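*Asks:* Chains as they are written, first to last, in our numbering: chain C, 7 to 723; chain B, 2 to 472. Just so you know, even glycine gets a beta-carbon here, dropped at the ideal spot from N, CA and C. Computed from a prediction, not measured in an experiment: that's the story for all the values here.
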């Protein structure tokens, strides 16, 4: 930078680019702490030596409580003891209907069917609730729901994020891997190791979960790409890999340490470049970018799923075919002069040439055997240490930093020994999953808690560091984390534990005079359950379900255009929305262009790791609910379904509509009001000249629109 | 218009039933009037004004973003030396270090003349705007960090070149709210998306109602704003039923801020459906005005129509209006021949002039800051040996400021004789943002938002207010 504005002189280079680089989070914190910047809340200095999340994990004994009847599990005693200290009473258990609906949205993101409701209402046995929990945990839709939570955190996307946002058709394999991993209850430690180093595991055990383990490293492959050339601004791509690894598995932000030692957390620049060497020793795939088009640079680094010998044979066949194509094309081009123009022979020759050229292009560009499945995955590069970059600037290399893990957190874990030539990813993964790593278990149980309550116990699940708010119940997090590790890192075990608690089963409503509404209006101490708005996926899926359009099968790959047609640039970037009736977890998600519906309803930006979605109520959402043809179509189909039940009376049909949409029996006044509403609609439609059967249908469509756009549909008690 | 009478807007089913009886009997207020009243009663709390940090010079901001990199040395930063040394090889930095090489200097093919009492140099690309030279402040010393369209466009909007951050319009919305409860505080005319797509007007971690609402010039201005074509006009009845259901639902739940928020967003949406089309309905404009903006009958797309729309939105209290002149294709990115700047300038010159004049004549300019900017400048040398065009240039570029709080007929900052280095009063993108916020009554160091355990700012930890541009 030739010009340095006075404002920049006090900052040691940094964030927004090669010189300034990304965001100076740490600097903000420095300035906050020394009072150069105003903050909403001044933060007292905190000591890493005593910070809750950095302590060795102990299993606390569940505290004593006065009310022995309320707790259903040990977990509840952690909640109740704090409530009792605050002289707050927990809320009553939610009704059966509320529990069933909540449970369904919580575990599979869909409402219970009429039959499921009926069965649960009728089941008076003591294990009625457990049976539903087990049914839902065994459902393939469980992984679609909880896998999507994970995809928010790992910034899952179907495009690379370069300036032209090239599609990554192989990305869906990682999506499906995540869903399968949740469905199979893959032990969380194994889940982590596969995502960071699955490719290295396949070297040790070539036949065990080979494809899955390669695909799992999509976690790293999906690191954000920048600009127009292959691996341009690679130090920022690596920053994403490092920072997302830290946030996702450890609840730590490492990004600030790229330019200088972290100002609040015990992470030094040397720690950062110790990790940097590990990821820089890793080979990342190149999915295309503007120079794929402008300089004909093929994709590289995609990893075949087949075993090495088989993959090598396929690649050799591909190379041979490329050779044949080139020879054949040269021969045909030469023979063109012989064929008379406009003759049938010439036309067929041209067609043939065109076909072969397309095939050549496809084979040259794909960077893998186009007919053999491959993954957007990483593999081992040259294992070596990398120099520290002064002020985060790759143009200012310092001393080489041996690859290592953040020193502060490595005191109770064995020191790393990196095999010669390896990147160190496997060792990093083993360090993260070491039972004595203080952060890993805490981070994940806090996320799981968030999935069940809408809020986590430690409010920023991807940042448990010194800059974060201390959690409401640190002992409970520790108890859950020990239980998690003791169970063999079983996520489903944690679900069972939480769902069977009295805490989770509380009603979300309360009487206005409840002292909690005065002492703890934000419900930090969990004297009730939180009401939650269904998320973008659940709203769309539920609407499709009401219209009987939801396709519950797994769709596989997205219908991207064939690779021989790719020519996107930053001037004309890739941009597509693919309509589908599959569950929303399977919608194609881009990085630069966001999906119009998903973005509107608060689904995350796939460029960055998201630990908590905001919940917004926007007029533009309301416009969608009122005026988008999708909503209208589902309402129409829902109405037709109800009208087709000719054996039912109108009242029975109205009741069925309410029960389907809101998952509870209709109340008498609702039926009465609905019936008046139908009459008014019919009357008006009739006055506008519609025949009586048609006006009846229009009235029912209107009623169904109300059902699926109203708060009883959108909110979960 | 719906002929149905009001069906009551209190919470109980009895009211609904009573109202429906009333309806059968006929009479009462129109439903539309009831809804409009409800919106004006402050249910629309998401869209409300908030106090500034200090007395504001400007209540509104209009950003005109000229996409692709408008050349400074061909428009408002006259370099006679460049003409004199045309063809002389110069050390030209490339987009990346490995692209640095000698390139011939390129004299501007456009003719410069002094304009106004201030004698400000403007090229013949902007003959009309030049006539307003005495109202403009020409900032010749802007600079940015990454010289790619995508990153520079993002920086110009969010202060960050890499990680997506909230847009300046979203920050101002967060800081000041809006003066019209039926329209969002930040609205963006974007027929085509610029580089970095919708990220440039995204609220990111700020509350979502600060998101810039995209207006797509053409037939369907705002997605889902138009009611669906239906066989009957049951929509109003249906909305009233929906409110009844929601109120019944909320009445049985005692902590209902979220539920009320959802209900009020429905009311605001209804308000938008009525207010927004009127904001864009230009039938009431005089022929003289339409002619000035160059708007033909039936036009809902031209740049002139967008400028007129911007004025109408400002009149209606919208806090920040942005016009993105072209998209990521076919824009000011003149690599091959600077002559390609001519149609781009011709497309905006008259309308921008009319916008400024119109705002002034209506007394709106004293409350409205207008910023005409681009993402970076262009090299004083050619892009390639045989090119008559220029490459991207981050080290110096020019933007125009006008209106509320701006020193009229002035220039700010200077570049060297080739336009390749800033020699006086540099204004980094962060300084530019700090200055705009300052004029809007916001202290850029205090306009913060806590997210993920930290306070974030539009200007990161940088930014100095450029007092030299302020009157």
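1. So residue 503/C and residue 89/C are in contact, right, with Cβ under 8 Å, and what is the actual spacing, rounded?
2. Using a C-beta to C-beta distance shorter than 9 Å, which residues of chain B count as neighbours of residue 721/C?
3. According to the neighbour-count rule (16 or more other Cβ atoms, all chains shown, within 10 Å of its Cβ), is residue 341/C buried or exposed?
4. Run through chain B and tell me which residues come within less than 7 Å of residue 712/C, C-beta to C-beta.
5. Start and end of the alpha helix (DSSP H) containing residue 134/C?
6. For residue 456/C and residue 532/C, I'd like the C-alpha separation in whole angstroms.
7. Just how far apart, CA to CA, sit residue 409/B and residue 136/B?
8. Would you verify that the beta carbon of residue 517/C is, or is not, closer than 8 Å to some beta carbon of chain B?
9. So, are the CB atoms of residue 500/C and residue 486/C less than 8 Å apart?
10. Name, in chain order, the residues that DSSP records as bridge partners for residue 215/B.
11. Do residue 275/C and residue 116/C count as a contact pair if the criterion is CB distance below 8 Å?
12. Please classify residue 467/B as buried or exposed, where buried requires at least 16 other C-beta atoms within 10 Å of its C-beta.
13. Between residue 536/B and chain C, is any beta-carbon pair separated by less than 8 Å?
14. For residue 460/B and residue 148/B, what's the separation of their Cα atoms in angstroms?
15. Would residue 425/B count as contacting chain C if we go by Cβ distances under 8 Å?
16. How about residue 471/B: is its C-beta nearer than 8 Å to some C-beta of chain C?
17. For the pair the segment 221–238 of chain B and the segment 583–590 of chain C, tell me if three or more CB-CB distances fall below 8 Å.
18. DSSP on residue 139/B, reduced to helix/strand/coil?
19. Measure the beta-carbon distance from residue 168/B to residue 123/B and round it to whole angstroms, keeping in mind my assumption that it falls under 8 Å.
20. Going by the CB atoms, is the gap between residue 86/B and residue 106/B shorter than 8 Å?
21. Beta carbon of residue 140/B, beta carbon of residue 414/B: below 8 Å?
22. With DSSP as the reference, identify every bridge partner of residue 662/C, one or two as the case may be.
23. Within the 8 Å Cβ cut-off, does residue 399/C reach chain B?
24. Taking the straight line between their C-alpha atoms, what separation do you get for residue 595/C and residue 611/C?
25. Measuring only the C-alpha atoms, how far is residue 71/B from residue 568/C?
26. What are the boundary residues of the alpha helix (DSSP H) that includes residue 710/C?
27. Do you know how far the Cα of residue 243/B is from the Cα of residue 716/C?
28. Considering only their Cβ atoms, is the gap separating residue 260/C from residue 281/C smaller than 8 Å?
29. From this set, 208/B, 157/B, 193/B, 55/B, which residue's C-alpha is nearest residue 622/C's C-alpha?
30. Can you list, in chain order, the residues of its chain whose CB lies under 8 Å from that of residue 430/C, leaving out five sequence neighbours each side?
31. Would you be able to state if there are at least three C-beta pairs under 8 Å between the segment 182–190 of chain C and the segment 135–151 of chain C?
32. Starting from residue 544/C and walking both ways along the alpha helix (DSSP H), at which residues does that stretch end?
33. Which runs of the alpha helix (DSSP H) fall wholly inside the segment 253–323 of chain C and span at least 4 residues, in chain order?
34. Do residue 296/C and residue 234/C have their beta-carbon atoms positioned less than 8 Å apart in this structure?
35. Is there at least one Cβ from chain C nearer than 8 Å to residue 39/B's Cβ?
36. Using three-state DSSP, classify residue 40/B as helix, strand or coil.
*Replies:* Checking against the coordinates, here is how it stands:
1. About 19 Å separates the two Cβ atoms, so there is no contact after all.
2. What residue 721/C touches in chain B: 250, 254, 259, 260, 263.
3. Per the 10 Å Cβ criterion, exposed.
4. What residue 712/C touches in chain B: 239, 242, 243, 246.
5. Element bounds for residue 134/C: 134–143.
6. CA-to-CA, the gap between residue 456/C and residue 532/C works out to about 12 Å.
7. If you draw a straight line from the Cα of residue 409/B to the Cα of residue 136/B, it is about 4 Å long.
8. By this cut-off, residue 517/C is an interface position.
9. Yes. Within cutoff.
10. 189/B.
11. Against a cut-off of 8 Å, the Cβ pair of residue 275/C and residue 116/C comes out as no contact.
12. Buried, by the Cβ-count rule.
13. In the structure as shown, chain B begins at 2 and stops at 472. Residue 536/B is therefore absent and cannot be evaluated.
14. Residue 460/B and residue 148/B have their C-alpha atoms spaced approximately 19 Å apart.
15. Residue 425/B is outside the set of residues whose beta carbon lies under 8 Å from a beta carbon in chain C.
16. No, residue 471/B lies away from the interface with chain C (no Cβ there is under 8 Å from its Cβ).
17. Inter-segment contact for the segment 221–238 of chain B and the segment 583–590 of chain C is absent: fewer than three beta-carbon pairs are separated by less than 8 Å.
18. Residue state, collapsed to three classes: strand.
19. 30 Å between Cβ atoms; not a contact.
20. For residue 106/B and residue 86/B, yes; Cβs fall inside 8 Å.
21. With respect to residue 414/B, residue 140/B sits close: the two C-beta atoms are nearer than 8 Å.
22. Per DSSP, none; premise fails for residue 662/C.
23. Any Cβ of chain B closer than 8 Å to the Cβ of residue 399/C would place that residue at the interface, and such an atom is absent.
24. Looking at the backbone, the Cα of residue 595/C and that of residue 611/C are separated by about 9 Å.
25. Distance between the alpha carbons of residue 71/B and residue 568/C is about 36 Å.
26. First-last of the alpha helix (DSSP H) with residue 710/C: 698–715.
27. Computed Cα separation, rounded: 6 Å.
28. Yes. Within cutoff.
29. It is 208/B.
30. Answer for residue 430/C: 283, 284, 287, 389, 409, 422, 424, listed in chain order.
31. Contact between the segment 135–151 of chain C and the segment 182–190 of chain C is present, because at least three Cβ pairs lie under 8 Å.
32. The continuous alpha helix (DSSP H) containing residue 544/C extends over residues 542–552.
33. As far as the segment 253–323 of chain C is concerned, its whole alpha helix (DSSP H) runs of at least 4 residues are 275–286, 296–300.
34. Yes, these two residues count as a Cβ contact at 8 Å.
35. Any reading at residue 39/B is ruled out, since the residue's pLDDT is 38, under 50, leaving its predicted position unreliable.
36. With a pLDDT of 38 at residue 40/B, under the threshold of 50, the modelled position of this residue cannot be trusted; read the value that follows with caution. Correct three-state label for residue 40/B: helix.
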